[in-house]
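>
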Amino acid sequence: KTSISDGFNRTGQLFADSGRPGATKIVMLLTDGKQSVDAAPGKTLLETVFDAAARIKESGVTVFASGFGDKVALTTLQMIATDPSKANLVQNISELTSYLGELQADICTESPPGAHR
1 KTSISDGFNR TGQLFADSGR PGATKIVMLL TDGKQSVDAA PGKTLLETVF
51 DAAARIKESG VTVFASGFGD KVALTTLQMI ATDPSKANLV QNISELTSYL
101 GELQADICTE SPPGAHR
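Numbered by the UniProt record's numbering, the letters in the sequence shown go through residues 1 to 117 in order.
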């Protein structure tokens, strides 16, 4: 069972309850499939995912979305991500590792808290 929306909802609550003020907030979705449970009332499974992603993005969180395997569509990932450039498909763990290294270099431009002692 896969509930992407539940992950976004819980992460949004985590940021609201205990996120560091002023810190950049990022979510990295890694998925090999589609949402299969937890449709919101009156919504399709996909609409439920898009709504949950929209809520977390509206709160100032940047969403990256990566998919692997043949059960996920790039267009879906692009709708979930903050913008289409933040979505990609990878074919194997080596490609994912390479992408995450590039992502880390782009995102982590400051030293972690406490590193300047």
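For glycine and all other residues, C-beta sits at the position ideal for the given N, C-alpha and C.
Looking only at DSSP bridge pairs, what is Gly67 linked to?
For the purposes of this step, residue 67 is identified with residue 67 of the sequence shown, where counting begins at 1. Thr31, Leu89, per the DSSP bridge assignment.
> Express the C-alpha separation of Leu45 and Lys57 in angstroms, rounding to a whole number.
Residue 57 sits at position 57 when you count from the first residue of the sequence shown. Residue 45 sits at position 45 when you count from the first residue of the sequence shown. Between Lys57 and Leu45, the C-alpha separation is close to 19 Å.
> Can you find the residues in the same chain that come closer than 8 Å, C-beta to C-beta, to Gly19, ignoring five residues on each side of it along the sequence?
Your numbering for residue 19 matches position 19 in the sequence shown. For Gly19, where only same-chain residues beyond five positions count, the Cβ hits under 8 Å are Lys25.
> Just to check my reading of the structure: Arg90 and Phe68 have Cβ atoms closer than 8 Å, yes? What is that Cβ distance to the nearest angstrom?
Translated into the one-based positions of the sequence shown, residue 90 becomes position 90. Translated into the one-based positions of the sequence shown, residue 68 becomes position 68. For the sequence presented, residue 90 should be read as Val rather than Arg. With a Cβ gap of about 5 Å, Val90 and Phe68 count as contacting.
> Hey, would you say Ala87 sits closer than 8 Å to Leu77, going by beta carbons?
As a first step, residue 87 is located in the sequence shown; it is residue number 87 there, counting from the start. As a first step, residue 77 is located in the sequence shown; it is residue number 77 there, counting from the start. Yes; because the gap between Cβ atoms is below 8 Å, this pair is in contact.
> Return the Cβ separation of Lys71 and Asp32 in integer angstroms, given the expectation that the two are a contact with Cβ distance under 8 Å.
Residue numbering aside, residue 71 sits at position 71 when the sequence shown is read from its first letter. Residue numbering aside, residue 32 sits at position 32 when the sequence shown is read from its first letter. That pair is a contact at about 6 Å.
> Can the beta-carbon of Val61 be found less than 8 Å from the beta-carbon of Ser5?
As a first step, residue 61 is located in the sequence shown; it is residue number 61 there, counting from the start. As a first step, residue 5 is located in the sequence shown; it is residue number 5 there, counting from the start. No.
> Taking only the alpha-carbon atoms, compute the straight-line gap between Thr109 and Asn9 and give it to the nearest angstrom.
Locating residue 109 in the sequence shown gives position 109, counting from the first residue. Locating residue 9 in the sequence shown gives position 9, counting from the first residue. If I take the Cα positions, the gap works out to 27 Å.
> Give every residue of the same chain whose Cβ lies closer than 6 Å to the Cβ of Ser36, excluding the five residues on either side of it in the sequence, and list them in chain order.
As a first step, residue 36 is located in the sequence shown; it is residue number 36 there, counting from the start. Result list for Ser36: Lys1, Thr2, in chain order.
> Should Leu29 go down as buried or exposed, given a rule of 16 or more other Cβ atoms within 10 Å for buried?
Translated into positions along the sequence shown, residue 29 becomes position 29. Buried, by the Cβ-count rule.
> When you compare each of Gln13, Tyr99, Glu102, Gly101 to Ala53 by their alpha carbons, which one comes out closest?
Residue 53 sits at position 53 when you count from the first residue of the sequence shown. When each option's Cα is compared against that of Ala53, the closest is Gln13.
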